[in-house]
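Protein chains: 2
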Amino acid sequence: MTQKPRVSDSALVWERPEPSSRPAPGPLSRERIVGAALELADAEGLASVSLRKVAAALDAGPMRLYGYLSTKEELLELMVDAVYGEMVSEGPIRGAWREALRSMAHRTRQAAAKHPWLIDLMVGRPHLGPNALAHLEASLASLSDTPGFGEDIDAVMQAVGTVNAYVVGALRNEASEQRATLDSGMNKTQWQNATEPYIRRMIATGRFPTLARVFQDATHPAFEVVFDKGLDCVLDGIAARLKR
Amino acid sequence: MTQKPRVSDSALVWERPEPSSRPAPGPLSRERIVGAALELADAEGLASVSLRKVAAALDAGPMRLYGYLSTKEELLELMVDAVYGEMVSEGPIRGAWREALRSMAHRTRQAAAKHPWLIDLMVGRPHLGPNALAHLEASLASLSDTPGFGEDIDAVMQAVGTVNAYVVGALRNEASEQRATLDSGMNKTQWQNATEPYIRRMIATGRFPTLARVFQDATHPAFEVVFDKGLDCVLDGIAARLKR
DNA sequence: TATCTATCGATACGGTGTATAAAAGGGTGG
DNA sequence: CCACCCTTTTATACACCGTATCGATAGATA
Numbered sequence: 001m002t003q004k005p006r007v008s009d010s011a012l013v014w015e016r017p018e019p020s021s022r023p024a025p026g027p028l029s030r031e032r033i034v035g036a037a038l039e040l041a042d043a044e045g046l047a048s049v050s051l052r053k054v055a056a057a058l059d060a061g062p063m064r065l066y067g068y069l070s071t072k073e074e075l076l077e078l079m080v081d082a083v084y085g086e087m088v089s090e091g092p093i094r095g096a097w098r099e100a101l102r103s104m105a106h107r108t109r110q111a112a113a114k115h116p117w118l119i120d121l122m123v124g125r126p127h128l129g130p131n132a133l134a135h136l137e138a139s140l141a142s143l144s145d146t147p148g149f150g151e152d153i154d155a156v157m158q159a160v161g162t163v164n165a166y167v168v169g170a171l172r173n174e175a176s177e178q179r180a181t182l183d184s185g186m187n188k189t190q191w192q193n194a195t196e197p198y199i200r201r202m203i204a205t206g207r208f209p210t211l212a213r214v215f216q217d218a219t220h221p222a223f224e225v226v227f228d229k230g231l232d233c234v235l236d237g238i239a240a241r242l243k244r
Numbered sequence: 001m002t003q004k005p006r007v008s009d010s011a012l013v014w015e016r017p018e019p020s021s022r023p024a025p026g027p028l029s030r031e032r033i034v035g036a037a038l039e040l041a042d043a044e045g046l047a048s049v050s051l052r053k054v055a056a057a058l059d060a061g062p063m064r065l066y067g068y069l070s071t072k073e074e075l076l077e078l079m080v081d082a083v084y085g086e087m088v089s090e091g092p093i094r095g096a097w098r099e100a101l102r103s104m105a106h107r108t109r110q111a112a113a114k115h116p117w118l119i120d121l122m123v124g125r126p127h128l129g130p131n132a133l134a135h136l137e138a139s140l141a142s143l144s145d146t147p148g149f150g151e152d153i154d155a156v157m158q159a160v161g162t163v164n165a166y167v168v169g170a171l172r173n174e175a176s177e178q179r180a181t182l183d184s185g186m187n188k189t190q191w192q193n194a195t196e197p198y199i200r201r202m203i204a205t206g207r208f209p210t211l212a213r214v215f216q217d218a219t220h221p222a223f224e225v226v227f228d229k230g231l232d233c234v235l236d237g238i239a240a241r242l243k244r
């Protein structure tokens, strides 16, 4: 049985790279499994994270993973918690409540930028892993000992929850807008060229006058600006309820 | 080839119901397809919405659907837009900007309550269907002619976007918390009994002092209360930025 | 009525998560 | 040192998925 040569590789050994260091077939661990899953997700998207592929990346059969996980869902939870770990390891949160909440939000946003699949996994599943709890604890702590909140633990919880809700929703917005361009094989201008005529035609029906004004007159700021403005808005709301 | 009898049915014709009026094998339409998909999703969850099952519900082969859709993704988009249609058909939005935004948020929340799968489909995909645009138009319109916003279309867009982001994030929170109990075959108390000891053990490590306080001292209000408080908070933030 | 064409359906392919059971491996008792 | 048992790993298999391909079929047109 002759091996089919891979045309993508050079024919000469000398300029052919070594077979990208496969992880030694040695012992497995949850950490290594999650690591492989993260790499796969970062490189090829969440859809490519299948138990078979993750296992293959570790030179193992799919069923081997079931010694460490009992469900694919658990693998996904571990992936989310691993990212929370990255966020927590950036160090403690400094500043008064407003700065604290803002930097929590920015950390999440950075994590979602680094791992575009994160936001998809954050929705639809509660975050109970140790790192997620640590992240939450950090948020709560930096609020609970700030002038204004004092002992009102309910207000702290409410504030953190509201900001988190906004952050998740806003990141989803960004993600779905960016993904629609990139995910479907099109590049950005291709997608714009595909959807803009549609929007323009819809507007031409006259049924969406305000939308038309948005389309024509509005300055469409960068994602980050929109995110920060909305965040400031939420923070203003918290501030307003604080001094009462 | 003898047909295997379905044990769930009575053996006697007399008390056996007629085969629940299958939709005549007649002509298909996008509307009928989406309707079948909605029914399936409402009854058995989003995971049961497969092209095969949807087609079967219409007495058709799976491939038949590809005359009306070119992808399962398109079916999902149509489902979302159908729900937007329900929301829009509840009539125009009344009141000044604050009431308007509040009722938009509540409409979305009601829709998500009626269709638990909705929030899963709202994330990860832009809402460009005609009904989604109508819903957005309604929001924008009711803000753009309200004292305070006046001509500032950017402010209108920002306000609507922020509220929408919060709503989606908050609904995701509710959904994932509720789903964790119901979705995994457990009922509510089962799930609580499964997770509470874990949380308690994590707290016992002493690494989460603030979380511990939340667990013990906080009053855990109903979902709706939390939602409304957060919403009011966001609205306060908008109000604060308005008078400036 | 005959032919063309658009639609539909059967089949098939490659993929998925995971249940089941055989195989292999390592540690322990005889 | 061998035989046994138990745990870990692997092979196989199942049911299901989205959808590409292509022959059958039926409706419309010449």
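Just so you know, the protein sequences line up as chains B and Z, in that order.
With the first letter of the first sequence counted as 1, position 41 gets the number 41 in full-length UniProt numbering; the numbers rise by one all the way through.
With the first letter of the second sequence counted as 1, position 113 gets the number 113 in full-length UniProt numbering; the numbers rise by one all the way through.
Quick reminder that beta carbons are idealized off the backbone N, C-alpha and C, glycines included.
Could you confirm whether any beta carbon from chain Z is found closer than 8 Å to the beta carbon of residue 165(B)? yes
Along chain Z, which residues have their Cβ under 9 Å away from the Cβ of residue 110(B)? Per Cβ cutoff of 9 Å: no residues; residue 110(B) is ~18 Å from chain Z at best.
Mind listing the chain Z neighbours of residue 195(B)? Cutoff is C-beta to C-beta under 8 Å, in chain order. 128
If we cut at 8 Å on Cβ distances, does residue 91(B) have a partner in chain Z? no
Close-in-space but distant-in-sequence residues of the same chain around residue 98(B) (CB under 6 Å, 5 per side omitted): 235
Would you say the beta carbon of residue 127(Z) is closer than 7 Å to some non-hydrogen atom of the ligand COA? Only the bare structure without any ligand can be found here, which leaves the ligand COA out of the picture.
Any beta strand (DSSP E) of 3 or more consecutive residues that is wholly inside the stretch 147-213 of chain B: none
Among 123(Z), 114(Z), 139(Z) and 58(Z), which has the Cα closest to the Cα of residue 105(Z)? 139(Z)
Segment limits, alpha helix (DSSP H) that includes residue 84(B): 72-88
Whole angstroms is fine: what's the gap from residue 64(B)'s alpha carbon to residue 39(B)'s? 19 Å
Taking the continuous alpha helix (DSSP H) assigned at residue 135(Z), which residues delimit it? 130-144
Would you say residue 158(Z) lies against chain B (beta-carbon separation less than 8 Å)? yes
Determine, using beta carbons only, whether residue 131(B) comes closer than 8 Å to chain Z. no
Partners in chain Z for residue 175(B), counting only beta-carbon separations shorter than 9 Å: 123 and 124
In angstroms, rounded to a whole number, what distance separates the CA positions of residue 191(B) and residue 130(Z)? 18 Å
DSSP-derived helix/strand/coil call for residue 96(Z): coil
Run of the alpha helix (DSSP H) containing residue 122(B), from where it starts to where it stops: 118-122
Taking only three categories from DSSP, how would you classify residue 232(B)? helix
Distance, residue 164(Z) Cα to residue 82(Z) Cα: 18 Å
Mind listing the chain Z neighbours of residue 137(B)? Cutoff is C-beta to C-beta under 8 Å, in chain order. 207, 208, 209, 210 and 211
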